[in-house]
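Remarks on the structure that follows.
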Amino acid sequence: MKARVHVTLKNGVLDPQGKAIGHSLNRLGFAEVGDVRQGKFIELEIAETDQARARARLDEMCRKLLANTVIENYSIELVG
Amino acid sequence: MKARVHVTLKNGVLDPQGKAIGHSLNRLGFAEVGDVRQGKFIELEIAETDQARARARLDEMCRKLLANTVIENYSIELVG
Amino acid sequence: MTVAIEKNPPVMLPNEPIITPQIVAEHGLAPDEYERLLKIMGRTPTMVELGIFSAMWSEHCSYKSSKVWLKKLPTSAPWVIQGPGENAGVIDIGDGQAAIFKMESHNHPSYIEPYQGAATGVGGILRDVFTMGARPVANLNALRFGDPSHPKTRHLVSGVVAGIGGYGNCMGIPTVGGETNFHAAYNGNILVNAMTVGIAATDKIFYAAAAGLGNPMVYVGSKTGRDGIHGATMSSTEFNEDSESKRPTVQVGDPFVEKLLLEACLELMATDAIVAIQDMGAAGLTSSSFEMAAKGGLGLEMALDQVPMRETGMNPYELMLSESQERMLIVLKPGREDEARKIFEKWELDFAVIGHLTDTERMVLSWHGEIVGNIPIPPLVTEAPMYERPWKLTPLPDVLDASQVPAPTDWNASLLALMSCPDLASKAWIWHQYDHLIMGNTAIRPQDGDAAVVRVPGGSKGLAMTSDCTPRYVQAHPETGGRQAVAEAWRNITATGARPLAVTDNMNFGNPTKPEIMGQFAGAIMGMAEACKALDFPVVSGNVSLYNETEGRPILPTPTIGAVGVIDDVAMAVGSRLRQAGLGIVLIGETKGWLGQSLYLREACGREEGAPPPVDLAAERRNGDFVRAQIAGRHVAACHDLSDGGLLVALAEMCIAGGTGATVALPKGTDVPSHAFLYGEDQARYLIATGSPDQMLQAARAAGVPAVLLGYSGGDLLVVEGLVALALAGIKSVHEAWLPAYMNTTD
Amino acid sequence: MKAAILVFPGSNREGDVAQAIELVTGRKPEMVWHGDGDFAKTDLIVVPGGFSYGDYLRCGAMAAQSPVMAEVKRRAAQGVPVLGICNGFQIVTEAGLLPGTLIRNSHLKFVCADVHLKVETSQSLFTNRYQAGQVIKVPVAHAEGNYFADDDTLKRLEDRGQVAFRYCAPDGTVDGSGNPNGSIRNIAGVFNETKTVMGLMPHPENAIESVFGGTDGKALFEGLVESLS
Ligand SMILES: Nc1ncnc2c1ncn2[C@@H]1O[C@H](COP(=O)(O)OP(=O)(O)O)[C@@H](O)[C@H]1O
Ligand SMILES: [Mg+2]
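Protein chains in written order, with our numbering: chain A, 1227 to 1306; chain B, 1227 to 1306; chain C, 13 to 759; chain D, 657 to 885.
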């Protein structure tokens, strides 16, 4: 099956990229843009048919590698 | 309102990051992981109430700055 | 020519289109070129064969417009180990060591996708150098962008610089120098020329010529995807079902994999398992395999289904033409496959035996057991089209006398304006994004000298390197411009105290089918050849990039010269920073006050006209040899060659870089007008800061070298008596402010 | 002093630090490949700079999961000194040996330049040859050296004297002018609680010889030799 993982910065953690994007958008004339945060979006193919097991494994992948839980949150979505 | 933008590499474009992540996961014992692709996930606060207008503006932002349309696709989602 | 009888004619693949004149045209082959192909093949080619001819006979691979001219460049000297014709040039730098270097363009890809285009340009030139057995020790980059006010320029600068840094930094190779110009002629066609210098043992240099019947041909590195398959895009989509994913794409670089490939190749090279090795650059598997087989006078059978593939549904056509990055082709000694495989597996890279050498002199390609291509190699190479295109030389423009150019009304303002103009403003914003210090060998950093100086690992020797070209001179008069580019490179190496040894070039020009453009090319080559001969400065490698035009408007002709020199003790190298008070400022060389094509004329008067400054090669040599001897004698505290902007700009650069002011005056009795003396761009000149000016003047007189003491260093002002008085801090701030300010604004 | 330098796929300043250590100690350090779960007994472990695993995902994240880092953690717990430089600092924080994390430079660009550092303490294995308050000049070269930690962590670091170096102006003033990457409180390097692990973004190994950028980094290695021989 396919999985989608979103990794986002925790509240309060500085996001230089998001800030710069917001800044640039404002300068480009998009005055309506306020706060911007940038995160990661990871799509994985997984050879696993059991939803629950897949979710548990993905959770482990996130904690071990995909997210730095000191500063990041993650969320997992299973597709197909 | 809030908007979410996903920026992903077009099909066929090499994704060194995704490749390295997949490799690493395999090495860490997640043998079930196949292809991995990494994209960006951008959340924006927008001072705009009209959905259609917001979407049009976001489309412009994507083409101008958020995505590199030579190699990337983007998708826009409006929340709240 | 007779057509060899073909024992195994290839099969057509399912869905393979019939070759039509349109498909031929889409492959960039002229009708007469296709006729030539038919004669060689003795039959209609398959798609993969057509693709191969198209790639091999492209301008890029065949040099069909430029070859006749390139032959005129001098390429030999006692210290040249390998001249043009291999992946890179090789020179002997003593102690059993060789410097291996080359420059290459990635202009078009960088315009389409600046980050990846520039990054893969660096990746490609690095492979050219380490495929010969060298560990790369330095990178340089020569960049030309459009007018700063053009809407695309900022985006291009930002992407190109990030891409060059992104690749080189990750590879751990210091990027130590380069040049950056802006001119409207590059608005639709920027130039990104990347150069790599590497070091190898003279007895451990690897070449591309295949040898040994039956020897295995091995593919290593990254998998092959559908990157950068150009030319035949439309037609190729027709012979596969899922067309969306088949769209040819921009090449994306993976510097991490290249770093692994570098280490793995060097590890394998330390054994004696390699017979020949060649990187896959432009035209990927096609050009690398043909070149290896042709150079060895052999044939090759390749099973394309064995090529490691990144995507599903790839076909032989795509595999032969893909420009996926970070790949190499190696001929191994028989029986050494396992040993080699272990090394590449350790570095987590793909490794596949994809073929073997034969004595048929044919390239036989198979796909799951069926032959899909069968091409005689020698005629494809020797019968490649070669053109003596009509050419028309650019006449020498009228000489512009200084009296026709107004002097500044405000001298201080004129200097500040020049120091902050796009071409002269500090490029620190760029080179701070490049790791120029990694390896711990960088003795002269960007902006600290005319050439970068890097210690050769394992000793005290240093290599000096630089890249130079003044395109406005070449535009005005190509012969003079070609001569000047070589002379300036030679001078820049000399100014550090190093001996200039050899040159690599990157010939960037417009459409060669126009006689004026071909004339620019011819003229530049004639000028370069003359200068290289006169200065004992052979060309050992190079690259040609033609058709740099948009909507019929060509770029300025830009023959970029990359040069390398050697200094025996790196600690003896001098930079251009004026760091001490009380030093005499000596001007070496003759000043006639040449303002034609000068930056003063362009920036202060808004005029681009006149003949460029003439280059007296005998004077260059005499003055340069004198300067080098003075440096070797430890009489020189700082030295800077005079080029763009002339004397006053050079002095200002020395002062602000070293944080020490100077007070100078025009020599008594000169009849050159002040503005021509201070801003003229006469060649063969240097500024030297020395603790013993009298001695130096005396030595110069004895050597027949024009020299004059202009004044002394000290204080924190730059003063030209009666004309200029400026605080260094003020000059420095405008000099450093332009580029960051420009990059931080949006239109 | 016996030193071991870890090498990951994509490491690239291992040679620089090996050269520095050899110059100072006269002894070649041992190079340890990332896949080796065990290596010879050593007085110092160095995690060098570079782009381990291409710096993909997050700098240092993939290297932190390698077999050799598990062994480094074991040895660090036993008190074997660990020095993480640049990418090594990122790896060591990802491995949990040091607090905080390194994020993208505030200006988003790679920066290679000489910077000035204020030595915060001479009371450590790594800094005993410097004086507290001394200003030294060494280069940085990174895109992700922006040190970040939450307020509690910062307070703990400051209270326990775990800040090793701060970016400063040439005259020692600690303010925005000398900060090359936006690091919080100008922090350039930190210790663990026992000060046996130090990580820093700048490259003392590239400031060893006067012809190649100065000698201010030398004392760090000399101090280690003094403490560990
Ligand atoms: N793209 C670049 N990359 C690295 N260094 C650069 C680049 N552009 C300019 N520089 C550096 O800036 C300094 C000034 O460049 P330039 O004016 O072309 O020097 P020169 O006139 O001595 O040839 C040189 O040290 C050069 O190496
Ligand atoms: Mg120059």
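Where a beta carbon is used, it is the ideal one built from N, C-alpha and C, also for glycine.
Since the structure is predicted, the reported quantities are computational estimates derived from the model, not experimental observations.
Nearest to G311 of chain C (by Cα), restricted to the options C:P397, C:P390 and C:I700: C:P390
Helix, strand or coil at T777 of chain D according to DSSP, with G and I counted as helix: coil
Chain E contact residues for V204 of chain C, given Cβ-Cβ distances below 8 Å: The question asks about chain E, but that chain is absent: this structure's protein chains are A, B, C and D.
Unbroken stretches of the beta strand (DSSP E), 3 residues or longer, contained in the segment 1257-1285 of chain B: 1259-1272
Min CB distance A1293 of chain A to chain B below 8 Å: no
Span separating the alpha-carbon of R785 of chain D from that of A664 of chain C: 40 Å
For L713 of chain D, the three-state DSSP class (helix, strand or coil): coil
Positions along the segment 696-722 of chain D whose CB lies within less than 9 Å of some CB in chain B: Y709, G710, Y712, L713, A717, M718, Q721 and S722
Status (buried if at least 16 other CB within 10 Å, exposed otherwise) for A739 of chain C: exposed
C-beta contact flag for A799 of chain D and R760 of chain D at 8 Å: yes
Length of the line joining the Cα atoms of E61 of chain C and W69 of chain C: 12 Å
Closer than 8 Å to chain B by CB, R1263 of chain A: yes
For A676 of chain D, the residue or residues it bridges with in DSSP: Looking at the DSSP assignment, A676 of chain D forms no beta bridge with any residue, so it has no partner.
Any C-beta of chain D under 8 Å from that of Q1243 of chain A: yes
Chain-order list of residues whose beta-carbon lies under 6 Å from that of G452 of chain C (same chain, five-residue window excluded): none
Contact under 8 Å by Cβ, D233 of chain C with R147 of chain C: The amino acid at residue 233 of chain C is misidentified as Asp; the sequence shows Gly. Cβ distance not < 8 Å, so G233 of chain C and R147 of chain C don't count as in contact.
CB contact check: C1288 of chain B to chain A, cutoff 8 Å: no
Exposed unless 16 or more other CB atoms sit within 10 angstroms - verdict on L408 of chain C: exposed
DSSP state of T508 of chain C mapped onto helix, strand, coil: coil
contact_flag[the segment 525-545 of chain C, the segment 479-499 of chain C] where n(CB pairs < 8 Å) is 3 or more: yes
When C:L721, C:E693 and C:P420 are compared against D706 of chain C, the one with the closest alpha-carbon: C:L721
Rounded C-alpha distance that separates R1289 of chain B from T852 of chain D: 50 Å
For Y446 of chain C, the three-state DSSP class (helix, strand or coil): coil
Chain C contacts from the segment 858-869 of chain D (Cβ-Cβ distance under 8 Å): H859, E861, N862, I864, E865, V867, F868 and G869
Three-state secondary structure assigned by DSSP to A244 of chain C: With a pLDDT of 40 at A244 of chain C, under the threshold of 50, the modelled position of this residue cannot be trusted; read the value that follows with caution. In the structure shown, A244 of chain C sits in coil (DSSP, three-state: anything other than H, G, I, E or B).
Where the beta strand (DSSP E) through T454 of chain C begins and ends: T454 to I456
Spatial distance of L884 of chain D from T698 of chain D (CA atoms): 10 Å
Coarse secondary structure for F113 of chain C, derived from DSSP in three states: strand
Proximal residues to A1229 of chain A (C-beta, below 6 Å), its chain only, five neighbours per side dropped: L1270, I1272, L1284 and L1304
V732 of chain C beta carbon less than 8 Å from that of L690 of chain C: yes
Alpha carbon of S655 of chain C to alpha carbon of A649 of chain C, nearest angstrom: 20 Å
Coarse secondary structure for L377 of chain C, derived from DSSP in three states: strand
In DSSP terms, what K793 of chain D is bridged to: D:H772
Neighbour-count burial assignment, A1282 of chain B, 16 or more Cβ in a 10 Å radius: exposed
Euclidean distance between Cα positions of L50 of chain C and L41 of chain C: 12 Å
Whole-Å CB distance - I93 of chain C paired with V102 of chain C, under 8 Å assumed: 4 Å
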